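Trainee: Handing you a structure now.
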Ligand SMILES: [Zn+2]
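In the numbering used here, the protein residues as written are 7 to 135.
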């Protein structure tokens, strides 16, 4: 597990979340490695390179999620899909809520979503990463 963020939360949450995220981050690392080989191929087109770079960035995002409770919330999705599929099917982004000033993570791709901290519906949440 390379360069994974230090988890935040209670000690119990952190220990639990660490077990949940480990296979996901390992799968993401393996995925990034595979994608890198494709990027280095001499016949890689510009479009394919751009798509692969996006995929790699998405895979890398998992190791940046430091919120233990977010990982715990993801446990059923990870268990049902398996770590490899989860990594490839899920996009995680960091958002900033303008109402409560919280930074949180979401797998929602839409702009309109419920802030996981204050519960407001933020149509104007700023995607941080
Ligand atoms: Zn909020």
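The beta carbon of each residue, even a glycine, is placed where N, CA and C say it ideally should be. Just so it is clear, the structure is predicted and the values come from calculations on it, not from any experiment.
Within a Cβ cutoff of 6 Å, which residues of the same chain sit near residue 11, ignoring the five residues on either side of it in sequence?
Mentor: Taking the first residue of the chain shown as 1, we reach residue 11 at position 5. The residues are 70, 72.
Trainee: Would residue 77 pass as a contact of residue 33 if the rule is Cβ separation under 8 Å?
Mentor: Residue mapping note: residue 77 aligns to position 71 of the chain shown, counting from 1. Residue mapping note: residue 33 aligns to position 27 of the chain shown, counting from 1. Cβ distance not < 8 Å, so residue 77 and residue 33 don't count as in contact.
Trainee: Give me the Cα-Cα distance between residue 60 and residue 80, rounded to the nearest whole angstrom.
Mentor: Within the chain shown, residue 60 is the residue found at index 54, counting from 1. Within the chain shown, residue 80 is the residue found at index 74, counting from 1. Answer to the nearest angstrom: the Cα atoms are 22 Å apart.
Trainee: What whole-angstrom Cβ distance do residue 37 and residue 94 have, given they're in contact under 8 Å?
Mentor: By 1-based counting over the chain shown, the position of residue 37 is 31. By 1-based counting over the chain shown, the position of residue 94 is 88. Contact holds; Cβ gap of about 7 Å.
Trainee: Ligand 1: which residues have Cβ under 6 Å from any of its heavy atoms, chain order?
Mentor: Counting every residue whose Cβ lies closer than 6 Å to a heavy atom of ligand 1, we get 103, 105, 106, 108, 121, 123, 124, 126.
Trainee: Tell me which residue opens and which closes the alpha helix (DSSP H) that residue 41 is part of.
Mentor: Position 35 of the chain shown, counted from the start, is the residue given in the question as residue 41. Taken as a continuous stretch (DSSP letters only), the alpha helix (DSSP H) holding residue 41 covers 17-46.
Trainee: From the DSSP output, which residues share a beta bridge with residue 100?
Mentor: Position 94 of the chain shown, counting from 1, holds the residue named residue 100. In the DSSP output, where bridge partners are listed per residue, residue 100 has 111.
Trainee: Please list the segments of the beta strand (DSSP E) lying wholly inside the segment 53-79, counting only runs of 3 or more residues, in order along the chain.
Mentor: Entirely contained in the segment 53-79, not one beta strand (DSSP E) run reaches 3 residues.
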